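**Student:** Protein chains in written order, with this note's numbering: chain C, 1 to 281; chain U, 1001 to 1434; chain R, 2001 to 2302.
Right, dumping it as structure tokens:
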């Protein structure tokens, strides 16, 4: 595939592009690095002037303190469970809904679509109070269900999948599949999902990251300490009046590393997953 | 048109039937504690240290002996997470803990706004049980029509903390200053460029704003008069603004934001000589802000011998708690707030100052405190605590405090004249408090 | 037999989209309707932590639009931050996505990952970093401005324009990577043969971007801008953490008081749930109007 290389063959422009990319790398990666810097300092000696910018040697000591204070492994597992269930459900229902809006003509489609985008625009902050009442009425208080079920077929995800599936799924392929006798559900499972890899990767990443970092949801809906995922578990052992932020930051490093790994795996799909050629082939 | 309005009212009324959470209805009588039943009471609080201290007190035999049927658990978060959860659950009227601890700034909105169980009624009789609790804290938890919605558990008499070595080096004294002018003059002698590089590296206090809350009693009450008029008497609020301005103009404050990293650091590294804060701050200095300065800190009265409160916590029973558990929850609160043993325990463990006035002349107040070079600082705390003014509280206090606080900052940063700041703040508070 | 099967096929084809979208409808009816009705109801009342206190009719709305000193200002603040916070980042994200889509760039996976790091870094550490960055006396930015550039220190969190600037910087930093990712996904559905044809015609890379990439990316840009308008009006967390929480009402001059911030402060800090709901619904109307305008502008181009 020589087509794109020829246009970038001038060394100068290539170097400047790398310079720009590296500049952004520094800007974007520094805070991530800084979490590790803070996590490797001695707890009470965190704030100095000038601030720490180099890694120190107390990282494993801090990790040890954290594991002594809370059952981190258990909270980690809880986070994984909530994240995985929510991600699987959300990506399934949003792809399904997005497929309907992107590839079918049906009565009321426009209204549903407009209505759906409208619901995204409702400021949801205040809904916490009535939503909480409802969850307790369902008997879902102190379970993971409020964190998993209500967000599965969410408007934002369907809107996004509608957007992506419009271009990602060739309409003639669907027609061909119907002639081959594939049911509509069969089309969804056998054609849409495999072809929507790059957009599926995005909705999975977004859902997983969102659930993984969610503090307010679990904070409000869960009361049994053993059911808590990482973020509220971390807040349990530190507060404004307490100096030891080193162990807290160590916990944060353990919390964000898996996200980086998950992202690295899924994001491969975004570039290499789908090309125009592979659809036709 | 009229028909439409009628329809609207109808729709809204129907909605209200569906949505109204019924907390307005007069609560039916609350049964007293049943000693033949076992109760499990959960306290929502912030900080594991707080939970540990209370738990220790509740394990003592004078509580367990009297109430063997009450088992207490804790739900601990950090400060802000705890309040987020507590406010949401109280507003939703569902799944609250039996006891929710609330910081003083959170109390005002529940006083007229509801959501918390009034504690002045049977079987609590909170006023009687609390006759020996410090008066201003009880007033701050009472509504206009005499409802007591929460119970104070600790208070924070404000004092002036200073570092003796730095004050001595400047050849001055901060003891018993009679006026703010005097304080500012001495402050200028404490503010200096030690290494001669043209940059000031030692300041009298961290931030000008901390003096402003002294005339306002820590900013937690007195924003509205009993008749609901904001920012009266005017002289009190003008004094606060003028004082802030004078401090900033004199250049004796380091302009450090409270709880910012440089602020935390400034107490240990000699950037700051003195600061005004609640008694609890002594404990914070000792345990984690500047433990290395042990022996150097001293405590004295705020200039002009003003009494102010900076901090404090309350315990409450949300109205949504099942009625038959309320009496048991109340026993826990009563023990933590009114028993000498529990109050002393939190004082020692958390440096949170007792609300129980009978402790103010207890021998513990005469003990020397090592962190303060053996000074009997608790005598000063209790002196201040016993003369704290009891200003009324209103449900609009949080917004009044926010608006006034912003105009205070504008006096500092934008050179806004203090009279203009006062009148602008006043008109905005009137417009917003409806 | 054959006839029956084909009829079934037709039926299922007609029914299918309704079945596929039904989880959303059900989920909305079950989980969305009650909170929505609840907040509409509240908006007509003085409603506190203890429930309804006093019927207000449209008073909450009328007062917000007339005598309230903050609401209109908060809309303006949200609008400015929407442009410079949520909007500006597209000017970074689109070029970055186009660069990363180029297969001749080495280490694309690495760049993708690092660009996305701000999105996954925990809020606690972001707050710590930005408060050190913006601290007016000891912060890194002012250190550079004063000591290296020899300028006066900037009041990042206490003056109007700097407040909006610092919030915008934070927003851009947090979400450029996320938008880059969306654009990257969008670029995948552009047919490569279009570029091949353009190449044969002798079009330069830049010309290809303007003649092929951007026009074909337009639906995705429309989509992300729609989200930016909606998200722009929901900016809350950044001013909240940078400017000291509810107590500070968005800093001096209320420069950082966004509508969402005002809504949250009114509800959760001041305990005025009715008024807060009214703010929410007025915001909703503003966002809808802006999206309609956005759509009109885009379609008038075509």
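Every residue, glycine too, gets a C-beta built ideally from N, C-alpha and C. Because the structure is a prediction, the values reported are computed rather than measured.
Between the segment 1089-1112 of chain U and chain C, which residues of the former have a C-beta closer than 9 Å to a C-beta of the latter?
**Tutor:** If the cut-off is 9 Å between Cβ atoms, the segment 1089-1112 of chain U has 1089, 1091, 1092, 1093, 1094, 1095 and 1097 near chain C.
**Student:** Distance cutoff 9 Å, beta carbons only. Does residue 2237(R) sit that close to anything in chain U?
**Tutor:** Chain U contact via Cβ: absent.
**Student:** Below 8 Å, can you find three or more Cβ-Cβ pairs linking the segment 256-266 of chain C to the segment 196-209 of chain C?
**Tutor:** As far as the Cβ criterion goes, the segment 256-266 of chain C touches the segment 196-209 of chain C, which means the pair count is three or higher.
**Student:** For residue 1431(U), go through chain R and note every residue whose CB falls closer than 8 Å to its CB, in chain order.
**Tutor:** Here the neighbours are 2067, 2068 and 2069.
**Student:** May I ask which residues mark the beginning and end of the beta strand (DSSP E) holding residue 1300(U)?
**Tutor:** That run of the beta strand (DSSP E) goes 1297-1300.
**Student:** Assuming residue 159(C) contacts residue 120(C) (C-beta within less than 8 Å), just tell me the rounded distance between them.
**Tutor:** Contact holds; Cβ gap of about 6 Å.
**Student:** So, helix, strand or coil for residue 2022(R), using DSSP?
**Tutor:** In the structure shown, residue 2022(R) sits in a helix (DSSP, three-state: H, G or I).
**Student:** Closest by CA to residue 2163(R), which one among 2191(R), 2035(R), 2114(R) and 2248(R)?
**Tutor:** Taking only the C-alpha atoms, the option nearest residue 2163(R) is 2248(R).
**Student:** Does residue 1392(U) have its Cβ less than 9 Å from a Cβ in chain R?
**Tutor:** No, no contact with chain R.
**Student:** For residue 213(C), tell me which candidate among 82(C), 102(C) and 198(C) has the shortest Cα-Cα distance.
**Tutor:** When only C-alpha atoms are compared, the closest one is 82(C).
**Student:** Would you mind telling me which residues of chain U sit closer than 8 Å to residue 2196(R), beta carbon to beta carbon, in chain order?
**Tutor:** Those do not exist, as residue 2196(R) stays about 55 Å from chain U at its closest Cβ, beyond 8 Å.
**Student:** Along chain U, in chain order, which residues have C-beta atoms closer than 7 Å to that of residue 2049(R)?
**Tutor:** Result: 1090, 1091, 1109, 1110, 1113, 1114 and 1115.
**Student:** In the structure shown, what three-state DSSP assignment does residue 1059(U) receive?
**Tutor:** Residue 1059(U) falls in the coil class under three-state DSSP.
**Student:** DSSP puts residue 1277(U) in a beta bridge; with which residues?
**Tutor:** Beta-bridge pairing links residue 1277(U) to 1159(U).
**Student:** Since I believe residue 2274(R) is in contact with residue 2043(R) (beta carbons under 8 Å), could you give me their beta-carbon distance rounded to a whole number of angstroms?
**Tutor:** Correct: roughly 6 Å between the Cβ atoms.
**Student:** Write down the C-beta distance between residue 1327(U) and residue 1031(U) rounded to the nearest angstrom, noting that I regard them as a contact closer than 8 Å.
**Tutor:** Yes, they are in contact, since the Cβ atoms of residue 1327(U) and residue 1031(U) sit about 7 Å apart, within 8 Å.
**Student:** Closest by CA to residue 2154(R), which one among 2272(R), 2147(R) and 2142(R)?
**Tutor:** With distances taken between Cα atoms, residue 2154(R) lies closest to 2142(R).
**Student:** Could you compute how far the alpha carbon of residue 1235(U) sits from the alpha carbon of residue 2031(R)?
**Tutor:** Roughly 53 Å between the two C-alpha positions.
**Student:** Does residue 2299(R) pass the burial test, meaning 16 or more other C-beta atoms within 10 Å, or should it be called exposed?
**Tutor:** That one is exposed.
**Student:** Span of the beta strand (DSSP E) holding residue 1070(U)?
**Tutor:** Here the beta strand (DSSP E) through residue 1070(U) covers 1070-1077.
**Student:** Along chain R, in chain order, which residues have C-beta atoms closer than 9 Å to that of residue 1405(U)?
**Tutor:** Here the neighbours are 2247, 2248 and 2249.
**Student:** For residue 2267(R) and residue 126(C), which I take to be in contact (beta-carbon distance under 8 Å), what is that distance rounded to the nearest angstrom?
**Tutor:** Contact holds; Cβ gap of about 6 Å.
**Student:** Per the DSSP calculation, residue 1415(U) is bridged to which residue(s)?
**Tutor:** Residue 1415(U) is not bridged to any residue.
**Student:** On a Cα-Cα basis, can you pick out the residue from 1270(U), 1306(U) and 1303(U) that is closest to residue 1289(U)?
**Tutor:** Here the closest residue by C-alpha is 1270(U).
**Student:** Between the segment 2148-2171 of chain R and chain U, which residues of the former have CB atoms less than 7 Å from a CB of the latter, in chain order?
**Tutor:** Listed by position along the chain: 2155, 2158 and 2159.
**Student:** I'd like to know whether the C-beta atoms of residue 1123(U) and residue 1041(U) end up nearer to each other than 9 Å.
**Tutor:** Taking 9 Å as the Cβ cut-off, residue 1123(U) and residue 1041(U) do not qualify as a contacting pair.
**Student:** At the 9 Å Cβ level, is residue 137(C) part of the contact set with chain U, yes or no?
**Tutor:** Yes, residue 137(C) counts as interfacial toward chain U.
**Student:** Just the chain U side, please: which residues come within less than 8 Å of residue 2132(R) by C-beta, in chain order?
**Tutor:** In chain order: 1261.
**Student:** With a threshold of 9 Å between beta carbons, is residue 216(C) in contact with chain U?
**Tutor:** Closer than 9 Å to some Cβ of chain U, the Cβ of residue 216(C) qualifies, so yes.
**Student:** Please report the Cβ distance between residue 1191(U) and residue 1184(U), rounded to the nearest whole angstrom; I am assuming they are in contact, meaning their Cβ atoms lie under 8 Å.
**Tutor:** About 10 Å separates the two Cβ atoms, so there is no contact after all.
**Student:** Look at the Cβ atom of residue 2081(R), then the Cβ atom of residue 2213(R), and state whether they are nearer than 9 Å.
**Tutor:** Against a cut-off of 9 Å, the Cβ pair of residue 2213(R) and residue 2081(R) comes out as no contact.
**Student:** Does the segment 2181-2192 of chain R touch the segment 2121-2134 of chain R, meaning 3 or more C-beta pairs lie closer than 8 Å?
**Tutor:** The segment 2121-2134 of chain R is not in contact with the segment 2181-2192 of chain R.
**Student:** In whole angstroms, give me the CA-to-CA distance for residue 2165(R) and residue 2254(R).
**Tutor:** The straight-line gap from Cα to Cα measures roughly 14 Å.
**Student:** Identify whether residue 1043(U) lies in helix, strand or coil by the three-state DSSP scheme.
**Tutor:** The answer is strand: DSSP assigns residue 1043(U) an E or B state.
**Student:** Counting only the same chain and skipping the five closest in sequence on each side, list residues whose C-beta sits under 8 Å from that of residue 1340(U).
**Tutor:** Correct list, in chain order: 1356, 1358, 1359 and 1362.
**Student:** What's the C-alpha gap between residue 2204(R) and residue 2220(R)?
**Tutor:** Answer to the nearest angstrom: the Cα atoms are 24 Å apart.
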